[in-house]
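Q: In order, the protein sequences belong to chains U and V. Quick note: to get this note's numbering, add 1 to the position in the first sequence (first position is 1). Quick note: to get this note's numbering, add 421 to the position in the second sequence (first position is 1). Ideal placement from N, C-alpha and C gives every residue a C-beta, glycine not left out. In this text the structure is predicted, and so the values were computed from the model without any measurement. Below: one structure in structure tokens.
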Amino acid sequence: QQQVKQSPQSLIVQKGGISIINCAYENTAFDYFPWYQQFPGKGPALLIAIRPDVSEKKEGRFTISFNKSAKQFSLHIMDSQPGDSATYFCAASGRRASGGSYIPTFGRGTSLIVHP
Amino acid sequence: KAGVTQTPRYLIKTRGQQVTLSCSPISGHRSVSWYQQTPGQGLQFLFEYFSETQRNKGNFPGRFSGRQFSNSRSEMNVSTLELGDSALYLCASSLDGFSYEQYFGPGTRLTVT
């Protein structure tokens, strides 16, 4: 099973601070790296995604940094708000050269709490 | 556009029974994937259907099966339920496959007693 290792498992940040969650993957053929946000009782919601041809992607307060050589990517939440308190999952997948797709692999999740 | 819908939202079954869960993808999406989410194992891929064909399958026993209809709606079935099957079952749809954007439904919470 292809692995995606996510850290930390839990994170507590003060309002206005920066939340940083890291992921590392193994399969260099992966070419799609999304982050999902999940609130209790809800399904994961696609937050932001990146492909390996860029090193950074920003959408509002959320930024993905991607390091292809290190096989790592991270989510940065700037100016963290209490409403950002949720579980965040990274994932990795992609198309096989021979056709078809790799089964998407998810990190184990990071529980983020933002204190007011 | 309406999001991904799943029915039922909650289900309680007894060991040995079988269960069928339903998923309606976003209009125009042809790919439906199913996941099992548990506190211990996280999000695990079950299978993906595209144009009524199973395109990929995760490492789950044969008790877990699924199908997709011509309107892209999908069902998954779990036979001979075990206590360990208690989980949140999530359906995700995407335009053509899961290497691109996936949109998850709210899930079906299955409890096996």
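Using a 10 Å radius around the Cβ and a threshold of 16 neighbouring Cβ atoms, would you call U:Q4 buried or exposed?
A: Your numbering for residue 4 of chain U matches position 3 in the first sequence. Exposed.
Q: Within its chain, find whatever has a CB closer than 6 Å to the CB of V:K434; leave out the 5 residues flanking it on each side and keep chain order.
A: For the purposes of this step, residue 434 of chain V is taken as the residue at position 13 of the second sequence. Taken in chain order, the residues that qualify are V440, L502 and V533.
Q: To the nearest angstrom, how far is it from the Cα of V:N477 to the Cα of U:V115?
A: Counting from 1 along the second sequence, the entry for residue 477 of chain V is found at position 56. Counting from 1 along the first sequence, the entry for residue 115 of chain U is found at position 114. Going from the Cα of V:N477 to the Cα of U:V115 covers about 38 Å.
Q: Could you round the C-beta distance between U:F63 and U:I49 to whole angstroms and report it? I think they count as a contact, below 8 Å.
A: The residue you call residue 63 of chain U lines up with position 62 of the first sequence. The residue you call residue 49 of chain U lines up with position 48 of the first sequence. Indeed, because the Cβ distance is near 5 Å, the residues count as touching under 8 Å.
Q: Using DSSP with H/G/I as helix, E/B as strand and the rest coil, what is U:P105?
A: As a first step, residue 105 of chain U is located in the first sequence; it is residue number 104 there, counting from the start. Reduced to three states, the DSSP call for U:P105 is strand.
Q: Give the straight-line distance between the Cα atoms of U:G17 and U:A87, rounded to the nearest whole angstrom.
A: Stepping through the first sequence from its first residue, residue 17 of chain U is reached at position 16. Stepping through the first sequence from its first residue, residue 87 of chain U is reached at position 86. The alpha-carbon atoms of U:G17 and U:A87 are separated by roughly 16 Å.
Q: Under 8 Å, Cβ to Cβ, is there at least one residue of chain V near U:R62?
A: By 1-based counting over the first sequence, the position of residue 62 of chain U is 61. No, no contact with chain V.
Q: Going straight from the alpha carbon of V:S482 to that of V:Q438, what length do you get?
A: Locating residue 482 of chain V in the second sequence gives position 61, where the first residue counts as 1. Locating residue 438 of chain V in the second sequence gives position 17, where the first residue counts as 1. The amino acid at residue 482 of chain V is misidentified as Ser; the sequence shows Pro. Using only the alpha carbons, I get a separation of about 16 Å.
Q: Within 8 Å (strictly less), CB to CB, does V:G487 reach chain U?
A: By one-based count along the second sequence, residue 487 of chain V stands at place 66. Not an interface residue.
Q: Could you work out which residue in V:R436, V:Q427, V:Y470 and V:R451 is closest to V:R488 when comparing CA atoms only?
A: On the second sequence, position 67 is the one that residue 488 of chain V refers to. Measuring from the Cα of V:R488, the nearest candidate turns out to be V:Y470.
Q: How many whole angstroms separate the CB atoms of V:L442 and V:E496, which I take to be in contact at a CB cut-off of 8 Å?
A: By 1-based counting over the second sequence, the position of residue 442 of chain V is 21. By 1-based counting over the second sequence, the position of residue 496 of chain V is 75. Right, the Cβ-Cβ distance comes to about 7 Å (below 8 Å), so this counts as a contact.
Q: Please report the Cβ distance between U:G44 and V:G528, rounded to the nearest whole angstrom; I am assuming they are in contact, meaning their Cβ atoms lie under 8 Å.
A: One-based indexing of the first sequence puts residue 44 of chain U at position 43. One-based indexing of the second sequence puts residue 528 of chain V at position 107. So it is a contact: roughly 5 Å between Cβ atoms.
Q: For U:A87, go through chain V and note every residue whose CB falls closer than 9 Å to its CB, in chain order.
A: Position 86 of the first sequence holds residue 87 of chain U. Under the 9 Å cutoff, chain V gives no residues; its nearest Cβ is about 13 Å from U:A87.
Q: How would you list, in chain order, the residues of chain V whose beta-carbon sits under 7 Å from the beta-carbon of U:K43?
A: Counting from 1 along the first sequence, the entry for residue 43 of chain U is found at position 42. In chain order: P527.
Q: Give the DSSP-derived three-state secondary structure of V:L516 in the structure shown.
A: By one-based count along the second sequence, residue 516 of chain V stands at place 95. V:L516 falls in the coil class under three-state DSSP.
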